[in-house]
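**Q** One structure is given below, represented as C-alpha cells, and several questions about it will come after.
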Amino acid sequence: MLKILIIGFKDVTLAFRDRAALLLMLAAPLVLTIGLGLVTGRFAVGGSAGGISAIPVVVVDQDGGQLGQALVDTFTSSDLDELLETTTSADPAAARQRVDDDQVAAAVIIPAGFTDSILSGAEASAPAATVQVELYANPTRPTSAGVVQAVVDEFLSRVEIGRVGGQVSVTQLLTSGLIQPQEAAAAGREIGQRQAAASAPVIQLRRATGTAAPAPAFDALAYIAPGMALMFLMYTVSNGGRTLLAERAQGTLPRLLVSPTATAQVLGGKVFGIYLTGVAQMAILIGGSAVMFNLRWGDPLAVGALVLAAVAGATGWGLLITAVAKSPSQVASLGSAVMLTFGILGGSFISLSNLPGWVQVISRITPNAWGLEAFTTLALGGRLADIAVPIGALLAMAVVLFGAAAALFNRQGLVQR
Amino acid sequence: MTAILEARNLVKHYGDVKAVQGISFHIEDGEIFSLLGPNGAGKSTTISMLSTLYAPTSGDALVGGHSITRQPMQVRAVIGVVPQDLALYEDLTAHENLNFWGQMYGMSGQSLRRRIAEVLDQIGLADKATKAVKTFSGGMKRRVNIGVGLLHKPRLLFMDEPTVGIDPQSRRAILDMVKDLNRQGMSVLYTTHYMEEAAELSNRVGIIDHGRMIALGTQPELTQQVGQDETLRLHVAAEADAAALADALRAVPGIKQISTTDHEVVLIVPEAEEALASAVGHANAIGVKIRSVDIQEPNLEAVFLHLTGRALRD
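Chains A and B are the protein sequences, given in the same order.
Numbered continuously in my numbering, the first sequence closes out at residue 417.
Numbered continuously in my numbering, the second sequence closes out at residue 1314.
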C-alpha cells in the first residue's frame, strides 16, 4: 500500500511540474470559464465584484400607495441586501439615464395609481384599467437585469393572486348576502390592504421554502465552470494514462518492475497518481473559481463527494484509453478526441436540455453529463442526498471501466513479453 | 567461491525471433563477469530475463539461490539493475530520484537519507543533488542512473552497456566506479560491445553472438582457445641496453621470439607474466634498468573475429 502511495504522489509531483500539462489542467478551464462568463454577461455585475451580488438597481415609486411602498420595501429588504444594491429616485427619466449610462443593471418604475388600480379592481366586479410596473433593463447586463425582473415578477404575481382572491371574496360575500352592495367597497379595500400587507412576506415565503435563507438565483457560471472543469478533467486522466505508456518507453516502468515491487502495486500507484492529480485539479479549479468569481458551488460535503466520484469515473475512462492505445502519442490523440467529444456530449458547451433525446441518452456514458447534472443541482441548493444517483452512476462507471482496463492490461502485460 | 548467479539453458523467443538460444553460465560471488557481444547479440534480453523483467521461454536461473521464474520478488531483492537506457524521472532532482527509487527498494527514513548522501558522493554529484536531472549532461545522467542501481547495496549488480554514448571522461569515471564497487564486494554482470571495457573489468568473459554463448572463460583461457601468444614489451633507457637485454634473454626457454626496436625489447611468449619475472631477473643481472613494461594479451576482439569471422562492431 505504501508503495502505491509513493508512486501516486510521485506522479502528482511530476504532473504539477509539467508546465504544458498545467496549462491544460488549470489555465485552460479557467480561461474558458472566464470567456464563456463574459459571453453570458456573468462578469458585468457590480463592477469588479464579479459574482452575482450587489446588483445595482434604482427604484422609482410614483405610486405612493401601499403596494408601491411594498415593492420598494421588497427591493430594500434585508433579505435581498446582498443580492441587490437598491437606490431610490423620484425621477423616472433620471433613473432611465442611469441605466443608459451603465450605472445600474435596471430601473424599476412604479407608476402613479398602481395601488389604486389593484385595490379598486378587487372591489369592483371587473378589473380596472391595467397600470404596469416598468422594468427598464440594461442590455449589457442581461443576467443581472434578469435577476431584477425575477424579483419584480414574483412580487406582481403575488399581488395578482391577492387581487383576484379579493375580487372573488367580495363577489361571494355579496352573493351570500353577508354584506350589502354599499359595503362592498370597504370590504374590498380591507381585503386588498390585508393582501398588500401580506405581499412582502409572501415573497419571502418563496425564498425560504422552509429555511430562512433566500433561494439562490442560478448563476450561469455554476454551469459553465463545472462544465469546463469536467472537460479538462478528461485531459488530466488521459494525460495520466499517457504517462504509464511514456514510462514504459523511457524505461522507468521496466525499472519499477525489476524492483521488489509487485505489478499490481505499480499499476495501482499509477492509477492512484492519475486519480490524485484529477482530484487536485478539481479542487484547485473549484477553490480558484470560488475565490476569483465568487462562485458558490454548493454544499461543501456534497461537492467533495461529487468530485471524488467524478474523478473516479473519469479515471476509468483514462485507463481504458491507455489500455487500448499502443503508444503515448496514441493516448494523447485519443484522449483529446474523447475530451472534446465528452465535453460536447456532456453539456460543457451546450446545455443537454437543448440537445436531441438520443444525444441525452448517449451522454450518460460520459462522466461530464452526470457530473454536470450533479454540480448544477448543488449550485441550486441541493444536498448530498439529491445527487445520490449521479454519484452512484459515476462510481459504477469507474468500476466497470477499471475492470475492463485491468482485463486488457492483464492480457497484454505492462511490459512483459 | 559460491555462485551468486547460475543461468541454465536460458531461451527467449519473440514469435519467430530467437533472441536467446540456450545460454548457460555462472557468476561467482565477488566476480565481475562480462557479456561481450555486438548489438543485437542477446545481451540485454539475457539481463532482462535474469532481472525477472521478461519470463524466459524455457530454462531458468538461480540468483542468490532464488529461481527467476518461481521467486522473482526474492531475486529482485538481491539484484540492482542499471539499464542501458536512462531510466530516470527527468523532472525530479537527483536527490528526489534516489529517494523515490530507494523507497521502491523498501528503504526509508534516516538510513535512506544517509545512503542517498553516500551514493551522491560516490557518483560525484553531491553538489548537484537538488538540480533537476533534465539539466544534467549525458555523463551526469549516466552516473545518477548507476547510483539508483546501487542505492540499496545489491549483492549482484546488472549493468547493461552503461557507457554507451558518453564522453571518455565519464566513461573512465564509470569504469573506475565499477572496479571500486567490486573491491567493496559487489558482484557485477556487465554487458558491453566494447572489448576494452570487458578486458579491463572482467574476471571472466562470456562472448555472445546471435543469442548463443560462443566462448566463456578468463581472458587468458579465451585467447588460448584461438592459440595466440602474448606480447611482452620491455622499455629500457638506451638502444644498447635493449640489444644487451635481448641477447641475455635468447637462452631463456619458452620465449618464442625476441626483437628490439629502439629502446624496446619485444618478446612473444605464451605467458607474459611468467616471462616477465625471468626478464626482470636477467635485466638486473646485466645491469639494465627496465623503465616500463607493457603486456599485450591476444585480445578479445581477435577471439570474436576468430570465432565468428566478424568484428565486434560489425
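Just so it is clear, CB atoms sit at the ideal spot from N, CA and C, and this is done for glycine as well.
Buried or exposed for R383 of chain A, please, with buried defined as at least 16 other CB atoms from any protein chain shown within 10 angstroms of its CB.
**A** Locating residue 383 of chain A in the first sequence gives position 383, where the first residue counts as 1. Burial call: exposed.
**Q** According to DSSP, simplified to helix, strand and coil, what is I1068 of chain B?
**A** The residue given as residue 1068 of chain B occupies position 68 in the second sequence. Note: I1068 of chain B maps to coil in three-state DSSP.
**Q** Under DSSP, the beta strand (DSSP E) around D1060 of chain B begins and ends at which residues?
**A** Start at 1 with the first residue of the second sequence, and residue 1060 of chain B comes out as number 60. Taken as a continuous stretch (DSSP letters only), the beta strand (DSSP E) holding D1060 of chain B covers 1058-1063.
**Q** Residues in the same chain with beta-carbon distance under 6 Å from V104 of chain A, minus the five sequence neighbours each way, listed in chain order, please.
**A** Residue mapping note: residue 104 of chain A aligns to position 104 of the first sequence, counting from 1. Correct list, in chain order: P56, V57, V58, R98.
**Q** Less than 8 Å between the C-beta atoms of A379 of chain A and R296 of chain A, yes or no?
**A** Taking the first sequence and counting its residues from 1, the one referred to as residue 379 of chain A is at position 379. Taking the first sequence and counting its residues from 1, the one referred to as residue 296 of chain A is at position 296. Yes, Cβ-Cβ distance for A379 of chain A and R296 of chain A is below 8 Å.
**Q** So which residues of chain A does F1033 of chain B contact, with C-beta pairs closer than 8 Å?
**A** On the second sequence, position 33 is the one that residue 1033 of chain B refers to. Those do not exist, as F1033 of chain B stays about 18 Å from chain A at its closest Cβ, beyond 8 Å.
**Q** Looking at the strands, I want to know which residues DSSP matches up with A1007 of chain B.
**A** Residue 1007 of chain B sits at position 7 when you count from the first residue of the second sequence. Partner(s): B:F1025, B:A1061.
**Q** Please specify which runs of the alpha helix (DSSP H), each continuous and at least 4 residues long, are wholly inside the region 317-351 of chain A, giving them in chain order.
**A** Counting only runs of 4 or more, we get 328-345.
**Q** With DSSP as the reference, label I286 of chain A as helix, strand or coil.
**A** As a position in the first sequence, residue 286 of chain A is number 286, starting the count at 1. Helix.
**Q** Rank B:F1100, B:E1096, B:K1179, B:M1107 by C-alpha distance to the C-alpha of K1128 of chain B and give the top, closest one.
**A** On the second sequence, residue 1128 of chain B is found 128 positions in, with the first residue counted as 1. Nearest of B:F1100, B:E1096, B:K1179, B:M1107 to K1128 of chain B, Cα basis: B:E1096.
**Q** Determine, using beta-carbon pairs with one atom in the region 1241-1250 of chain B and one in the region 1262-1281 of chain B, whether at least three such pairs fall under 8 Å.
**A** Touching, per the Cβ criterion.
**Q** Mapping the DSSP letters down to three states, classify F1033 of chain B as helix, strand or coil.
**A** One-based indexing of the second sequence puts residue 1033 of chain B at position 33. Note: F1033 of chain B maps to strand in three-state DSSP.
**Q** Write down the C-beta distance between P1072 of chain B and T1052 of chain B rounded to the nearest angstrom, noting that I regard them as a contact closer than 8 Å.
**A** Numbered from 1 along the second sequence, position 72 holds the residue referred to as residue 1072 of chain B. Numbered from 1 along the second sequence, position 52 holds the residue referred to as residue 1052 of chain B. Going by Cβ atoms, the distance from P1072 of chain B to T1052 of chain B rounds to 4 Å, so yes, they are a contact pair.
**Q** In this structure, how does DSSP classify Y223 of chain A when only helix, strand and coil are distinguished?
**A** Residue mapping note: residue 223 of chain A aligns to position 223 of the first sequence, counting from 1. Looking at Y223 of chain A - three-state DSSP - the assignment turns out to be helix.
**Q** Output yes or no for whether 8 Å exceeds the beta carbon distance between G1064 of chain B and L1150 of chain B.
**A** Working through the second sequence from its first residue, we reach residue 1064 of chain B at position 64. Working through the second sequence from its first residue, we reach residue 1150 of chain B at position 150. No, these two residues do not count as a Cβ contact at 8 Å.
**Q** Would T1052 of chain B pass as an interface residue toward chain A - the criterion being a Cβ-Cβ separation below 8 Å?
**A** Your numbering for residue 1052 of chain B matches position 52 in the second sequence. Chain A contact via Cβ: present.
**Q** Could you work out which residues of chain A lie near F1100 of chain B, taking near to mean beta carbons separated by less than 8 Å?
**A** Counting from one through the second sequence, the residue named residue 1100 of chain B turns up at place 100. Per Cβ cutoff of 8 Å: I6, K10.
**Q** Between T1223 of chain B and V1148 of chain B, how many whole angstroms is the CB-CB distance? I'm expecting something under 8 Å.
**A** Here residue 1223 of chain B refers to the residue found at position 223 of the second sequence. Here residue 1148 of chain B refers to the residue found at position 148 of the second sequence. Actually they do not touch by this definition, with Cβ atoms about 36 Å apart.
**Q** Could you check whether the Cβ of L257 of chain A sits closer than 8 Å to any Cβ belonging to chain B?
**A** On the first sequence, residue 257 of chain A is found 257 positions in, with the first residue counted as 1. It does; some Cβ of chain B falls within 8 Å.
**Q** May I ask which residues mark the beginning and end of the beta strand (DSSP E) holding D1209 of chain B?
**A** Against the second sequence, residue 1209 of chain B aligns to sequence position 209. Note, D1209 of chain B: beta strand (DSSP E), 1204-1209.
**Q** Which value, in whole angstroms, describes the spacing of the CA atoms of E1301 of chain B and G1102 of chain B?
**A** Taking the second sequence and counting its residues from 1, one reaches residue 1301 of chain B at position 301. Taking the second sequence and counting its residues from 1, one reaches residue 1102 of chain B at position 102. Distance between the alpha carbons of E1301 of chain B and G1102 of chain B: 38 Å.
**Q** Does L14 of chain A get closer than 8 Å to chain B when you measure Cβ to Cβ?
**A** Taking the first residue of the first sequence as 1, we reach residue 14 of chain A at position 14. True, the Cβ-Cβ gap to chain B drops below 8 Å.
**Q** Whole angstroms are fine: how far does the CA of L1036 of chain B sit from the CA of A1243 of chain B?
**A** What you label residue 1243 of chain B is simply residue 243 of the second sequence in a count that begins at 1. What you label residue 1036 of chain B is simply residue 36 of the second sequence in a count that begins at 1. Cα to Cα, A1243 of chain B sits roughly 40 Å from L1036 of chain B.
**Q** Give me the Cα-Cα distance between A54 of chain A and G35 of chain A, rounded to the nearest whole angstrom.
**A** Working through the first sequence from its first residue, we reach residue 54 of chain A at position 54. Working through the first sequence from its first residue, we reach residue 35 of chain A at position 35. Cα to Cα, the separation comes out at about 22 Å.
**Q** Identify every residue that forms a DSSP beta bridge with T87 of chain A.
**A** The residue labelled residue 87 of chain A in the question sits at position 87 within the first sequence. Per DSSP, A:V58.
**Q** Consider the C-beta atom of V108 of chain A and the heavy atoms of the ligand HEM; say whether any pair is separated by less than 7 Å.
**A** With respect to the ligand HEM, the structure offers nothing, as it holds no ligand at all.
**Q** Residues of the region 228-259 of chain A in Cβ contact with chain B at a cutoff of 8 Å, in chain order, please.
**A** Cβ contacts with chain B come from Q250, G251, T252, P254, R255, L256, L257, V258, S259.
**Q** Would you check if the distance between the CB atom of G1124 of chain B and the CB atom of P260 of chain A is smaller than 8 Å?
**A** Within the second sequence, the letter at position 124 stands for residue 1124 of chain B. Within the first sequence, the letter at position 260 stands for residue 260 of chain A. Result no, Cβ atoms of G1124 of chain B and P260 of chain A do not sit closer than 8 Å.
**Q** Quick one: which residues of the region 1064-1088 of chain B get their C-beta closer than 8 Å to a C-beta of chain A? List them in chain order.
**A** Going along the region 1064-1088 of chain B in chain order, one finds M1073, R1076, A1077, I1079, V1081, P1083, D1085, L1086, A1087, L1088 with a Cβ nearer than 8 Å to chain A.
**Q** Quick one: measure Cβ to Cβ for V1318 of chain B and H1263 of chain B, integer angstroms, because I've assumed they're closer than 8 Å.
**A** The first residue shown for chain B is 1001 and the last is 1314, placing residue 1318 of chain B beyond what the model contains.
**Q** Name the chain A residues whose beta carbon is nearer than 7 Å to that of M1104 of chain B?
**A** As a working mapping, residue 1104 of chain B is identified with position 104 in the second sequence. Correct list: K3, L256, S259, T261.
**Q** Along the alpha helix (DSSP H) that carries E1118 of chain B, what are the first and last residues, could you check?
**A** In the second sequence, the residue the question calls residue 1118 of chain B occupies position 118. Taken as a continuous stretch (DSSP letters only), the alpha helix (DSSP H) holding E1118 of chain B covers 1109-1122.
**Q** List the residues that DSSP assigns as beta-bridge partners of G1080 of chain B.
**A** Here the question's residue 1080 of chain B lines up with position 80 in the second sequence. DSSP output for G1080 of chain B lists B:L1157 as bridge partner(s).
**Q** Can you list, in chain order, the residues of its chain with a C-beta nearer than 6 Å to that of L2 of chain A? Leave out the 5 residues immediately preceding and following it.
**A** Numbered from its first residue, the first sequence carries residue 2 of chain A at position 2. Counting only Cβ-Cβ distances below 6 Å, and skipping sequence neighbours, we find nothing.
**Q** Does any residue of chain A have a CB that is nearer than 8 Å to the CB of D1091 of chain B?
**A** Your numbering for residue 1091 of chain B matches position 91 in the second sequence. It does: the Cβ of D1091 of chain B has a partner Cβ on chain A nearer than 8 Å.
**Q** For L433 of chain A, count the other beta carbons within 10 Å of its own beta carbon; 16 or more makes it buried, fewer makes it exposed. Which is it?
**A** The structure shown does not extend to residue 433 of chain A, since chain A is modelled only from 1 through 417, so no value can be given for it.
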